[in-house]
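Residue numbers (our numbering), protein chains in the order written: chain A, 1 to 387; chain B, 388 to 770; chain C, 771 to 926; chain D, 927 to 1097. For reference, the structure is listed below as structure tokens.
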């Protein structure tokens, strides 16, 4: 496998993440895209292609919503595409941007991710009613959290994981988010706060869950030649991977996210990483639920199976620890406008690797890994960034 | 670009398919395509791409339901929430990066699963500015058709002739769902939807699935005796704001053609192209698209159509497959139906409707109301 | 291609359902300014992009061509010309309407945009492309913020 | 965000502002109705439910018996070969206890949810269903369950023809 050409990231932008923002989806997209362009000191006229990442139409409440959003993302008059892998879309959209540039077809690509979950009444959960197989599952009237609780329980039981160790993830991420200006749910909390929070679907409790949010994020991708014109400090996309497992999730063992492992192996191979825990300086695994961060660390081969909770309890994954995990504050702290939350992680990698993350800065950041997850506990998307 | 289509698979297109689920439909098309290409999806194919939109399917996060029936479990799979040609060019780009040698691209329509098609289209309109009127969302096509006909002096009769031609062409397409012998009068007198757009000016919905196998140059030559090369490709979205539209010009088709033709070295489309499959979601769209693509001057398409130039035996056959009007409106899959026709013609496998010596063909698409998004690929039997 | 198929049509099953939710959409930054001026003052506000020489109506927060931020709102006439029109016989669900709706795209004077709305006080047969029209506002008490605060556009 | 940029855009809007009488908002509910085709595999599955049975498909290549049935084997990528009844008993693979309904409203009486690996199907082949006649504290992974069917005249060919699964008393 020889990759045709290297792809750089030269700009990033983000909005504030909130339960509801006044802006339309287009306007949110614009805010993020414009900030990304400004940060790269680039004009829209220099953008040759646009990728839009956004989760199901049923949130924004617009059929073919990427068509409606496109002018805000700078798509007017340009090749514009919406790749979609459910919750994995946020980290997948820069992968789609990557192939636009790596293929040689375009020199620049503006990648925007937008989510407006607030239009759905009475609660964004209502839009999840339609993600199920209408024959096997929908008649049971499921709630989305059911299936994650099933996965969490399987994971906890198999490795005998104490809930206290899982709760540490919420404490860490909400704490990290105190330094993120976009953050919706930054807070200084304790393990006891998590353990005493209301049980939603056992074993998932209130503070194990990230909130529904509105928000947008953006990245500017370009070829090496273009990157050199704009910056001395490009960040490189050196590895991409994605994998989708079977729809028949009740026929799979939920204890290990094989789909993340497959995606990670693909990305690491491309990035020539053979010892991930040593070669990765920090990671932003997808953390819509506390246990998911741990599950995904194992899927990303950054922890041995069943060992991520212990590593977390030992403080290894703190921002100043040996392997910082979610230095941004993650979805649990910054918020979860689904696709935008995934791209927020990639923005974080960009800022970390440029040494621009301010109070969130991780020491000696050389290689960062971002990952998202979605569909019916099914898809893994992984991107490796290097300075 | 050095990417070729080396395998094709498809179901028939039908107005309804109560006997199979969308998964079983996709499975049939995929099985045929892999057989045609001589590949095993569990071993040989690197990436799988589906074009689908949630509300067409009736599932949120439809992406969940695609890997199994394509042989794609635990492989690189994604959905393009867009037009079939956008999925096709995504596959081509992925091959071009060097990441994959072989990629599968799928699009399908299970339109008959929708009980409220018009209501679903209405849900695509901007919720702030365009949903307050209680009118069939095809009013947008009505507005555009009037302005287009008024500016170009093409006529409603000529639009009706597009319908009769495409339904007639579909008679020789065994896959087509809506072949027919329909007179201009029968089109003209059909019920008005949004004047001047009548019922027969609108393509009827159909079900079906199409799968292509794409390969890099090296693999294509190994796998296929008749690889069909992607010589030019382009996709453009124009403003989604109806309020900023020109209403007569299909700007997206103009720009995609300029780009795709340049890539493929086409300077004189009428001469260099052997057949064209253009989007005909609405009858007038065929004329509008042909003009925008530069196949003829603005205002000329109606006249050339009357002269028979776009007939199967004319100078430049247009929608030999029957297009959406004759083969059926397969939603996001219709553009792959156009590509399928081009591939069959370029392989010389189009049977009774074979265009003689077909070497270069174009498939052009539009995503329908309310979008201004279009795509195009130029295909050739020679690299 | 399944080896086994169903040959008895009575054994073919279907499930009926929907993908419906209630939605509340915000008008956004530019939309809110537009609709407040329309509701409270019977005014149309537009946003010019000086760089591109485009005056947006409805107003936008940004120029979609050059991405300039648009902060200046200017008042424009509440009328224009019929750019194109159609007579629609079906409702938004595709069901026949008792009375067809006359819909026009009205290009608003001094702008590069317009409004899609109903045409009133005129027959379908008498509407002409390029015909000047002006907005008729609903009574103030009936306005709620939205294009529905305009009853229709009528010939000038 | 980068420390070079100081402001994040986005105007927070409270629920009370959204619902204020003079708020500029637009309400709608789509007309999006469907009739999903069950197809060959699921029609067979539902027919079996009506008859008080659970049916799967066998793939002769990997020798798996899979439920819910599909006409293709996703592992071997070939057509599956035959219909096979499996038992209506099984083992809890994993479970959860829900205090939320489908719209995220709180409910007092929790719903017990489980993935149940079915006897007679291949290892790890389970279905999602509800557990009844069981105290939440008694639920455990590895617990044996059996289906409690609706009476024959109430069955319509739906997964809810099984009311729930209940603990199987081992005698």
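Positions of the beta carbon are idealized from the N, C-alpha and C atoms, including for glycine. Computed from a predicted model, the values in this text were never measured in an experiment.
>> Under 6 Å: does the beta carbon of residue 860(C) sit that close to some heavy atom of the ligand ATP?
In response: The ligand ATP is not part of the structure shown, which contains no ligands of any sort.
> Secondary structure at residue 370(A), three-state DSSP: helix, strand or coil?
Replying inline: In this structure, residue 370(A) counts as strand in the three-state DSSP scheme.
>> With three or more beta-carbon pairs closer than 8 Å as the criterion, would you say the stretch 446-461 of chain B touches the stretch 508-517 of chain B?
In response: Contact between the stretch 446-461 of chain B and the stretch 508-517 of chain B is not established, with fewer than three Cβ pairs separated by less than 8 Å.
>> Does chain D have any CB closer than 7 Å to the CB of residue 231(A)?
In response: No - not a single Cβ of chain D is within 7 Å of the one on residue 231(A).
>> Please state the DSSP three-state secondary structure of residue 153(A).
In response: Residue state for residue 153(A) is assigned as helix, using DSSP reduced to three classes.
> Is residue 963(D) close to chain B, meaning its C-beta is less than 7 Å from at least one C-beta of that chain?
Replying inline: Taking a beta-carbon distance threshold of 7 Å, residue 963(D) counts as an interface residue toward chain B.
> In three-state DSSP terms, what is residue 627(B)?
Replying inline: In this structure, DSSP gives residue 627(B) a state outside helix and strand, which the three-state scheme calls coil.
>> Give the list of continuous beta strand (DSSP E) stretches no shorter than 3 residues that lie fully inside the stretch 269-337 of chain A.
In response: Counting only runs of 3 or more, we get 282-284.
> In the structure shown, what three-state DSSP assignment does residue 115(A) receive?
Replying inline: Strand at residue 115(A).
> Expressed to the nearest angstrom, what Euclidean distance is found between the alpha-carbon atoms of residue 534(B) and residue 334(A)?
Replying inline: Rounded to the nearest angstrom, the gap between the Cα atoms of residue 534(B) and residue 334(A) is 49 Å.
> Roughly how many whole angstroms lie between the Cα atoms of residue 406(B) and residue 63(A)?
Replying inline: Rounded to whole angstroms, residue 406(B) to residue 63(A) spans 27 Å at the Cα level.
>> From the DSSP secondary-structure annotation, give me the bridge partner or partners of residue 202(A).
In response: Per DSSP, 1023(D).
> Does the separation of the CB atoms of residue 394(A) and residue 447(B) fall below 7 Å?
Replying inline: In the structure as shown, chain A starts at 1 and stops at 387, and residue 394(A) therefore has no counterpart that could be examined.
> Leaving out the 5 sequence neighbours to the left and right, which residues in its chain are closer than 6 Å to residue 650(B) when beta-carbon positions are compared?
Replying inline: Correct list, in chain order: 619.
>> Quick check: is the beta carbon of residue 890(C) nearer than 7 Å to any beta carbon in chain A?
In response: Taking 7 Å as the CB threshold, residue 890(C) stays off the interface with chain A.
> What three-state label does DSSP hand residue 138(A) in the structure shown?
Replying inline: Annotated three-state conformation of residue 138(A) is helix, per DSSP.
>> Please classify residue 233(A) as buried or exposed, where buried requires at least 16 neighbouring CB atoms within 10 angstroms.
In response: Counting every other CB atom within 10 Å of its CB across the protein chains shown gives residue 233(A) a total below 16, marking it as exposed.
> When the Cβ atoms of the stretch 826-842 of chain C are set against those of the stretch 542-558 of chain B, are three or more pairs found closer than 8 Å?
Replying inline: The stretch 826-842 of chain C makes no contact with the stretch 542-558 of chain B: fewer than 3 CB pairs, one atom from each, lie closer than 8 Å.
>> Assuming contact is defined by CB atoms lying nearer than 7 Å, are residue 676(B) and residue 666(B) in contact in what I supplied?
In response: Residue 676(B) places its beta carbon less than 7 Å from that of residue 666(B).
> From which residue to which residue does the beta strand (DSSP E) around residue 984(D) run?
Replying inline: Per DSSP, the unbroken beta strand (DSSP E) holding residue 984(D) starts and ends at 980-984.
>> Considering just the uninterrupted stretch of the beta strand (DSSP E) at residue 222(A), what are its terminal residues?
In response: DSSP places residue 222(A) in the uninterrupted beta strand (DSSP E) bounded by 214-223.
>> Starting from residue 734(B), trace the alpha helix (DSSP H) in both directions and tell me its first and last residue.
In response: That run of the alpha helix (DSSP H) goes 721-734.
> Looking at the unbroken beta strand (DSSP E) that takes in residue 760(B), where does it start and where does it end?
Replying inline: Counting along the chain, residue 760(B) sits inside the beta strand (DSSP E) bounded by residues 760-767.
> What is the DSSP secondary structure of residue 252(A), counted as helix, strand or coil?
Replying inline: For residue 252(A), the three-state secondary structure derived from DSSP is coil.
> With a Cβ-Cβ cutoff of 7 Å, do residue 408(B) and residue 965(D) count as a contact?
Replying inline: Taking 7 Å as the Cβ cut-off, residue 408(B) and residue 965(D) qualify as a contacting pair.
> Which residue from 361(A), 351(A) and 383(A) puts its Cα closest to that of residue 321(A)?
Replying inline: Comparing alpha carbon positions, the residue from 361(A), 351(A) and 383(A) closest to residue 321(A) is 361(A).
>> Quick check on residue 1004(C): buried or exposed, where buried means 16 or more other Cβ atoms within 10 Å of its Cβ?
In response: Since the displayed chain C opens at 771 and closes at 926, residue 1004(C) lies outside it and no answer follows.
> For residue 101(A) versus residue 221(A), is the C-beta distance shorter than 7 Å?
Replying inline: The Cβ-Cβ distance between residue 101(A) and residue 221(A) falls below 7 Å.
> Can you tell which of 621(B), 653(B) and 682(B) has the C-alpha that lies nearest to the C-alpha of residue 642(B)?
Replying inline: The option with the nearest alpha carbon to residue 642(B) is 621(B).
>> Quick test of the definition: if touching needs 3 or more C-beta pairs under 8 Å, does the stretch 713-731 of chain B touch the stretch 554-571 of chain B?
In response: Yes, the stretch 713-731 of chain B is in contact with the stretch 554-571 of chain B.
> Do you know offhand how far residue 248(A)'s Cα is from residue 704(B)'s?
Replying inline: If I take the Cα positions, the gap works out to 46 Å.
>> Below 7 Å on C-beta distance, what does residue 127(A) contact in chain C?
In response: Neighbours of residue 127(A) on chain C, chain order: 791.
> residue 795(C) touches chain B at which residues, Cβ-Cβ below 8 Å?
Replying inline: What residue 795(C) touches in chain B: 514 and 515.
> Under the three-state reduction of DSSP, which class applies to residue 410(B): helix, strand or coil?
Replying inline: Helix at residue 410(B).
> For chain C, is any of its Cβ atoms less than 7 Å away from the one on residue 238(A)?
Replying inline: Judged by the 7 Å Cβ criterion, residue 238(A) is not in contact with chain C.
> Is residue 921(C) close to chain F, meaning its C-beta is less than 7 Å from at least one C-beta of that chain?
Replying inline: Checking the listed chains, one finds no chain F in this structure; the protein chains it contains are A, B, C and D.
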